[in-house]
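My numbering puts the sequence shown at residues 1203 to 1323. Just so you know, even glycine gets a beta-carbon here, dropped at the ideal spot from N, CA and C. Take a look at the structure below.
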Amino acid sequence: MASRIDSMSPEACRAYYAKIRSRSEARSAAIFNTAVAKALDPITAERDATPQEWVKAARAVRFPCGRCAGTGRFITGSLNGQPTGPGGDCFRCNGTGAQDDHDVRRNEEHDKHYIARHAFA
Ligand SMILES: [Zn+2]
1203 MASRIDSMSP EACRAYYAKI RSRSEARSAA IFNTAVAKAL DPITAERDAT
1253 PQEWVKAARA VRFPCGRCAG TGRFITGSLN GQPTGPGGDC FRCNGTGAQD
1303 DHDVRRNEEH DKHYIARHAF A
């Protein structure tokens, strides 16, 4: 199945990879790289992964959601270090407790519109 990524140059792949990494929920670049490399294990056991494969893995890898601390539940406060609240689904990760690049981009869009709406109200 061909995708937009398959037609990207290695240079474009590197730039896109860096962008995905910088906006991800991973706590550091090293943690991000390690998780992507692990996702590529089935490929790299046989051969080097292509830049396109690195980008695809980078988009799919998931990290614990910073908003709900990986619980998937909406948190309204904390008591003795434990999250408390009515506990609906966390809207940042859709209740999964982890975010991939698709979730991160959806949240960025939400934040942009939210800020635009409230900054000039
Ligand atoms: Zn969450």
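Asked: Is Cys1215 close to ligand 1? I mean its beta-carbon at under 7 Å from any heavy atom of the ligand.; Found: no
Asked: Can you check which of these residues, Phe1265, Asn1296 and Ala1247, is closest to Phe1276 by C-alpha distance?; Found: Asn1296
Asked: Using the Cα positions of Asp1208 and Gln1254, report the straight-line distance between them to the nearest angstrom.; Found: 6 Å
Asked: Mind reading off the beta-carbon distance from Gly1299 to Gly1279? Whole number of angstroms is fine, and I expect it under 8 Å.; Found: That belief does not hold up - the Cβ atoms of Gly1299 and Gly1279 are roughly 18 Å apart, past 8 Å.
Asked: Val1263 and Asp1302: beta carbons closer than 8 Å?; Found: yes
Asked: Under DSSP, the alpha helix (DSSP H) around Ser1224 begins and ends at which residues?; Found: Pro1212 to Arg1225
Asked: Can you find a heavy atom of ligand 1 that lies under 7 Å from the Cβ of Gly1290?; Found: no
Asked: What's the gap between the Cα of Lys1221 and the Cα of Asn1282?; Found: 36 Å
Asked: Any chance you could list the alpha helix (DSSP H) runs of at least 4 consecutive residues sitting entirely within the segment 1253-1277, in chain order?; Found: 1253-1262
Asked: With 16 other CB atoms within 10 Å as the buried threshold, where does Ser1226 fall?; Found: buried
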